[in-house]
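Peer 1:
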Amino acid sequence: SWTRGSCSAGILNVKLLRRPRWGVSTGSGLPGPLWRQHLDRVIFPYFWADLRYLLKVLMYGLRVETYRLQGRIITILDKFVKLAEKQPHKPFLIYEGKVHTYWDVDRRSNRVAQVFLHHGALKKGDTVALLMGNEPDFIHVWFGLAKLGCVVAFLNFNVRSRSLLHCVSSCEPKILVVGAELKSVVAIFLPLKEQKKRGGGGEKVCPLLLTGLHFVLPKYTKHLAWFYVFITGLPKAAVISQMQVLKGAAGLWAFGATADDIIYITLPLYHSAASLLGIGGCIELGATCVLKKKFSASQFWSDCKKYDVTVIQYIGELCRYLCSQPVKEGEKNHKVRLAVGNGVRNDVWRDFLNRFGSVKICEFYGATEGNICFMNHTGKIGSVGRTNFFYKVTIDLHFTLIKVNCFSRELRKRRRGLCVHMCEAGLLISKVSAKNPFFGYAGNKRHTEKKLLCEVFKKGDLYFNTGDLMVQDHENFLYFWDRIGDTFRYDHCFVHQQNVNFIHVSKFLFHFFCPDHEGKAGMASLILKQNTSLDLEQIYKQVVTYLPSYACPLFLRVQDKMEMTGTFKQQKFRLVDEGFNPSTITDPLYFLDNSKKAYVLLTKEVHEMILSGKIKL
Numbered sequence: 001s002w003t004r005g006s007c008s009a010g011i012l013n014v015k016l017l018r019r020p021r022w023g024v025s026t027g028s029g030l031p032g033p034l035w036r037q038h039l040d041r042v043i044f045p046y047f048w049a050d051l052r053y054l055l056k057v058l059m060y061g062l063r064v065e066t067y068r069l070q071g072r073i074i075t076i077l078d079k080f081v082k083l084a085e086k087q088p089h090k091p092f093l094i095y096e097g098k099v100h101t102y103w104d105v106d107r108r109s110n111r112v113a114q115v116f117l118h119h120g121a122l123k124k125g126d127t128v129a130l131l132m133g134n135e136p137d138f139i140h141v142w143f144g145l146a147k148l149g150c151v152v153a154f155l156n157f158n159v160r161s162r163s164l165l166h167c168v169s170s171c172e173p174k175i176l177v178v179g180a181e182l183k184s185v186v187a188i189f190l191p192l193k194e195q196k197k198r199g200g201g202g203e204k205v206c207p208l209l210l211t212g213l214h215f216v217l218p219k220y221t222k223h224l225a226w227f228y229v230f231i232t233g234l235p236k237a238a239v240i241s242q243m244q245v246l247k248g249a250a251g252l253w254a255f256g257a258t259a260d261d262i263i264y265i266t267l268p269l270y271h272s273a274a275s276l277l278g279i280g281g282c283i284e285l286g287a288t289c290v291l292k293k294k295f296s297a298s299q300f301w302s303d304c305k306k307y308d309v310t311v312i313q314y315i316g317e318l319c320r321y322l323c324s325q326p327v328k329e330g331e332k333n334h335k336v337r338l339a340v341g342n343g344v345r346n347d348v349w350r351d352f353l354n355r356f357g358s359v360k361i362c363e364f365y366g367a368t369e370g371n372i373c374f375m376n377h378t379g380k381i382g383s384v385g386r387t388n389f390f391y392k393v394t395i396d397l398h399f400t401l402i403k404v405n406c407f408s409r410e411l412r413k414r415r416r417g418l419c420v421h422m423c424e425a426g427l428l429i430s431k432v433s434a435k436n437p438f439f440g441y442a443g444n445k446r447h448t449e450k451k452l453l454c455e456v457f458k459k460g461d462l463y464f465n466t467g468d469l470m471v472q473d474h475e476n477f478l479y480f481w482d483r484i485g486d487t488f489r490y491d492h493c494f495v496h497q498q499n500v501n502f503i504h505v506s507k508f509l510f511h512f513f514c515p516d517h518e519g520k521a522g523m524a525s526l527i528l529k530q531n532t533s534l535d536l537e538q539i540y541k542q543v544v545t546y547l548p549s550y551a552c553p554l555f556l557r558v559q560d561k562m563e564m565t566g567t568f569k570q571q572k573f574r575l576v577d578e579g580f581n582p583s584t585i586t587d588p589l590y591f592l593d594n595s596k597k598a599y600v601l602l603t604k605e606v607h608e609m610i611l612s613g614k615i616k617l
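Heads up, the final residue of the sequence shown is numbered 617 in the UniProt record's numbering, and it's a clean run with no missing numbers.
In structure tokens, the structure reads:
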């Protein structure tokens, strides 16, 4: 097993205690003498699996490159329209038992496009923000706007207040389309001064308009990308190009999904995993997808059996939620053969396979806005993917792991300003080039520049900073280690310190590992301002009103003052190590108890109940 890491002279070091046993080599899988099969397993255990995967990727890349050289822009929308002509009566989308064929969705999206044309509100290149939950109309509006040549920005409907206003202003849409169930969110939290509503504040704009769609018209602008996806953390609009969409849509195909598969999508459509990999992947295959309004662990397997699902998507905690459900009879009686996603822990991975049968878990790694992706096509437990010399040469996969300071989590540099290669563990960076571009964030040049590292190894080079620490083992498998910086992951979402703000309180947010929970739990350290008292009721009200659930600090720690480093930076690593144990911490600690709808004092008894699982986070 891997150690968590140890610090020596301020450098992050990783010690390998023994050969990692996350999985078993698959071998060549080809008939032949026993001695040859044994030799394959010992010397080239992944050769044939690597070769098959490499050939698939090269064939797809060659096809896309041919389109580009011929001046043909082939998009996912083009493929969908062709499928609607080729297989009009095949189910494309199943939602709450109702079947929507390829022809149905194509026709409905045409009607949406006609509505916008009828009102003359949009033209090619305009940006439209989409604030909707999981429903067929999300796809109808998305495709309808794409047919007009508009840029579509997917908004996270969990964000509130200033974060939501920030999202809208950063992509500068000409129109904001709001789902009927989310009207109150805009009415309460988006008091735009110059906004103008059309449709009588909820009435239909015209008979062709889909029921429940409403329009808010803020400032006009124009963008040339296909759409934006707002990443979690400090919300930023990641610019998604046509090529990135095609690459993302090919994910399910690369893992072995086919046109005969039925894909179950429970993730929110504003997330790139659901929109690019899920919906886009379904179109790439010409397959059928089952869309769930909201993920339900108790209904998950019954839905899979009901709709004969063969491919499922997961992210972060989803697999753990399924494993935490009470055991039922016949849990292996399903047709699911592939589970595609990222962020599952090693122990949950094993539990999932033992409990739910022979499902191939296809783990991958890739940031929405990033220019690098790894895919674990061998099924080795714990790994996010594998690389070797041939991948780097043929796929143009140029990345490296570089050293960071263990305490400040800043890059370690020589006097000449060049980073040092890291052979064991380090920060993953990916070279930015014409074939692997980084488009940055819409309307935020500062955040775009922060993600880039210049002249890392030589003058003129440029690298994308993923913000993730990775480990590469002796078999060239890569493993996610940790995140650095002001962002941490909890409950499959990224949380940024600037998400959390309190009135009359100086605060900073840090994170620590919590037993049996994916990612890290957030704790806010509070220093009360002069002449103020701690108002837990007001803090709770602010937290649940203005923050999405995944960004709410689970714990509060009240301090008299904040310890600083010699360079006047917040000294929070000691606090991270101390965690949330009231037996060793003298400062008052409070716990977010959703059952009582309040922050309550964290006692030793409550602490033990959290560790034992009697109190759920």
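Every residue, glycine too, gets a C-beta built ideally from N, C-alpha and C. Remember, predicted model here, so these are calculated numbers, not experimental data.
Residues in its own chain within less than 8 Å of Thr-101 by CB, not counting five upstream and five downstream?
Peer 2: The sequence position of residue 101 within the sequence shown is 101, counting from 1. Excluding positions up to five away in sequence, the list reads Pro-88, His-89, Lys-90, Pro-91, Phe-92.
Peer 1: Inspect the beta-carbon positions of Leu-602 and Pro-582 and report whether they are closer than 7 Å.
Peer 2: Numbered from 1 along the sequence shown, position 602 holds the residue referred to as residue 602. Numbered from 1 along the sequence shown, position 582 holds the residue referred to as residue 582. Cβ atoms of Leu-602 and Pro-582: closer than 7 Å.
Peer 1: For His-334, which residues of its own chain have a beta-carbon under 8 Å away from its beta-carbon, when the five flanking residues on both sides are left out?
Peer 2: By 1-based counting over the sequence shown, the position of residue 334 is 334. Contacts found: Trp-301, Cys-304, Lys-305, Val-309, Phe-356, Gly-357.
Peer 1: Report yes or no: do three or more beta-carbon pairs, one from the segment 115 to 133 and one from the segment 244 to 264, lie closer than 8 Å?
Peer 2: Output reads no: the segment 244 to 264 does not touch the segment 115 to 133.
Peer 1: Where Leu-54 and Gln-70 are concerned, what is the direct C-alpha to C-alpha distance, given to the nearest angstrom?
Peer 2: The residue labelled residue 54 in the question sits at position 54 within the sequence shown. The residue labelled residue 70 in the question sits at position 70 within the sequence shown. Approximately 24 Å between the Cα atoms of the pair.
Peer 1: Starting from Arg-386, follow its DSSP beta bridges and name the residues at the other end.
Peer 2: As a position in the sequence shown, residue 386 is number 386, starting the count at 1. Phe-477.
Peer 1: With DSSP run on the structure shown, which of helix, strand or coil describes Lys-197?
Peer 2: To locate residue 197, count along the sequence shown from 1; it is residue 197. Since pLDDT at Lys-197 reaches only 44, below the 50 mark, its modelled position is unreliable, and no value is offered.
Peer 1: What is the DSSP secondary structure of Val-359, reduced to helix, strand or coil?
Peer 2: Locating residue 359 in the sequence shown gives position 359, counting from the first residue. Coil, per DSSP.
Peer 1: Which class does Phe-189 belong to by DSSP, given the choice of helix, strand or coil?
Peer 2: As a position in the sequence shown, residue 189 is number 189, starting the count at 1. The predicted position of Phe-189 is uncertain, since its pLDDT is 41 and thus under 50; no value can be drawn from it.
Peer 1: To the nearest angstrom, how far is the alpha carbon of Gly-151 from that of Leu-145?
Peer 2: The residue labelled residue 151 in the question sits at position 151 within the sequence shown. The residue labelled residue 145 in the question sits at position 145 within the sequence shown. The amino acid occupying residue 151 in the given sequence is Val; Gly does not appear at that position. Straight-line Cα distance between these residues: approximately 8 Å.
Peer 1: With which residues is Asn-342 paired in a DSSP beta bridge?
Peer 2: Position 342 of the sequence shown, counting from 1, holds the residue named residue 342. For Asn-342, which the question treats as bridged, DSSP gives the partners Ile-315.
Peer 1: Using CA coordinates, which residue listed in Lys-431, Leu-469, Asn-476, Gly-467 is at the minimum distance from Lys-458?
Peer 2: Start at 1 with the first residue of the sequence shown, and residue 458 comes out as number 458. Residue Lys-431 is the option with its Cα nearest to Lys-458.
Peer 1: Taking buried to mean at least 16 other C-beta atoms within 10 Å of its own C-beta, is Ala-84 buried or exposed?
Peer 2: What you label residue 84 is simply residue 84 of the sequence shown in a count that begins at 1. Classification of Ala-84: buried, given that the 10 Å Cβ count is 16 or more.
Peer 1: Should Leu-318 be labelled buried (16 or more other beta-carbon atoms within 10 Å of its own) or exposed?
Peer 2: Along the sequence shown, read from residue 1 onward, the residue named residue 318 stands at position 318. The residue in question, Leu-318, is buried, as its Cβ has 16 or more Cβ neighbours within 10 Å.
Peer 1: Rank Val-177, Ile-484, Met-375 by C-alpha distance to the C-alpha of Leu-478 and give the top, closest one.
Peer 2: The residue you call residue 478 lines up with position 478 of the sequence shown. Of the candidates Val-177, Ile-484, Met-375, the one whose C-alpha sits nearest the C-alpha of Leu-478 is Met-375.
Peer 1: Assuming Val-543 contacts Cys-552 (C-beta within less than 8 Å), just tell me the rounded distance between them.
Peer 2: As a position in the sequence shown, residue 543 is number 543, starting the count at 1. As a position in the sequence shown, residue 552 is number 552, starting the count at 1. Confirmed, Cβ separation roughly 5 Å.
Peer 1: In this structure, does DSSP put Lys-614 in helix, strand or coil?
Peer 2: For this step, residue 614 is matched to residue 614 along the sequence shown. Lys-614: coil per DSSP, three-state reduction.
Peer 1: Whole angstroms are fine: how far does the CA of Thr-387 sit from the CA of Asp-50?
Peer 2: As a working note, residue 50 is residue 50 in the sequence shown. As a working note, residue 387 is residue 387 in the sequence shown. Computed Cα separation, rounded: 9 Å.
Peer 1: What separation, rounded to the nearest whole angstrom, lies between the Cα atoms of Lys-585 and Tyr-46?
Peer 2: Mapped onto the sequence shown, residue 585 falls at position 585. Mapped onto the sequence shown, residue 46 falls at position 46. One detail in the question is off: residue 585 reads as Ile in this sequence, not Lys. Going from the Cα of Ile-585 to the Cα of Tyr-46 covers about 49 Å.
Peer 1: Using 7 Å as the threshold, is the C-beta distance between Ala-287 and Tyr-60 below it?
Peer 2: Within the sequence shown, residue 287 is the residue found at index 287, counting from 1. Within the sequence shown, residue 60 is the residue found at index 60, counting from 1. The answer is no: Cβ separation not under 7 Å.
Peer 1: State the Cα-Cα distance for the pair Met-564 and Gly-579, rounded to the nearest angstrom.
Peer 2: In the sequence shown, residue 564 corresponds to position 564, counting from 1. In the sequence shown, residue 579 corresponds to position 579, counting from 1. For Met-564, the pLDDT reaches just 48, beneath the cut-off of 50, and the residue's location in the model is therefore unreliable, although a value from the coordinates is still provided. For Met-564 and Gly-579, the distance between alpha carbons rounds to 19 Å.
Peer 1: Start and end of the alpha helix (DSSP H) containing Met-470?
Peer 2: For the purposes of this step, residue 470 is taken as the residue at position 470 of the sequence shown. Element bounds for Met-470: not the alpha helix (DSSP H) but the beta strand (DSSP E), 462 to 472.
Peer 1: Would you say the beta carbon of Val-336 comes nearer than 6 Å to a heavy atom of the ligand SAM?
Peer 2: Summarising the ligand content, the structure contains no ligands, and the ligand SAM is consequently not present.
Peer 1: Could you work out which residue in Leu-547, Glu-537, Leu-589 is closest to Lys-597 when comparing CA atoms only?
Peer 2: Mapped onto the sequence shown, residue 597 falls at position 597. Lys-597 has its Cα closest to that of Glu-537, out of Leu-547, Glu-537, Leu-589.
Peer 1: For the alpha helix (DSSP H) that Leu-55 lies in, which residues bound it at each end?
Peer 2: As a first step, residue 55 is located in the sequence shown; it is residue number 55 there, counting from the start. Element bounds for Leu-55: 47 to 69.
Peer 1: Determine which residues share a DSSP beta bridge with Ile-76 and list them.
Peer 2: Taking the sequence shown and counting its residues from 1, one reaches residue 76 at position 76. Answer is none; Ile-76 lacks a bridge partner.
Peer 1: If the criterion is Cβ atoms closer than 7 Å, does the pair Ser-275 and Thr-368 meet it?
Peer 2: If you number the sequence shown from 1, residue 275 lands on position 275. If you number the sequence shown from 1, residue 368 lands on position 368. The answer is no: Cβ separation not under 7 Å.
Peer 1: List the residues that DSSP assigns as beta-bridge partners of Leu-291.
Peer 2: Numbered from its first residue, the sequence shown carries residue 291 at position 291. Its beta-bridge partners are Tyr-95, Ile-265.
Peer 1: Tell me whether His-166 sits in a helix, a strand or coil according to DSSP, three-state version.
Peer 2: Taking the sequence shown and counting its residues from 1, the one referred to as residue 166 is at position 166. Helix, per DSSP.
Peer 1: How far does the beta strand (DSSP E) with Phe-399 in it reach, from first residue to last?
Peer 2: Sequence index remark: in the sequence shown, residue 399 carries index 399 (1-based). 399 to 402 is the extent of the beta strand (DSSP E) around Phe-399.
Peer 1: What number of angstroms, rounded off, separates the C-alpha of Leu-534 from the C-alpha of Ser-549?
Peer 2: Counted from its first residue, the sequence shown places residue 534 at position 534. Counted from its first residue, the sequence shown places residue 549 at position 549. About 22 Å.
Peer 1: Nearest to Thr-347 by alpha carbon, out of Ile-372, Gly-330, Lys-380, Lys-328?
Peer 2: Here residue 347 is taken as the residue at index 347 of the sequence shown, counted from 1. Before going on, a small fix: residue 347 reads as Asp here, not Thr. Of the listed residues, the one whose Cα sits closest to Asp-347 is Lys-380.
Peer 1: Less than 7 Å separating the beta-carbons of Ile-372 and Phe-352?
Peer 2: Mapped onto the sequence shown, residue 372 falls at position 372. Mapped onto the sequence shown, residue 352 falls at position 352. Not in contact: Ile-372 and Phe-352 (Cβ atoms no closer than 7 Å).
Peer 1: So which of Leu-77, Tyr-365, Val-393, Glu-284 has the shortest CA-CA distance to Leu-428?
Peer 2: Numbered from 1 along the sequence shown, position 428 holds the residue referred to as residue 428. Answer by Cα proximity: Tyr-365.
Peer 1: Return the residue from the list Asn-158, Arg-68, Pro-136, Ser-298 that minimises the CA-CA distance to Thr-545.
Peer 2: In the sequence shown, counting from the first residue as 1, residue 545 sits at position 545. The shortest C-alpha separation from Thr-545 is found at Asn-158.
Peer 1: Can you tell me the Cβ-Cβ gap for Tyr-540 and Tyr-599, rounded? I've got them flagged as a contact below 8 Å.
Peer 2: Sequence index remark: in the sequence shown, residue 540 carries index 540 (1-based). Sequence index remark: in the sequence shown, residue 599 carries index 599 (1-based). With 8 Å as the limit, Tyr-540 and Tyr-599 qualify as a contact, their Cβ atoms being about 5 Å apart.
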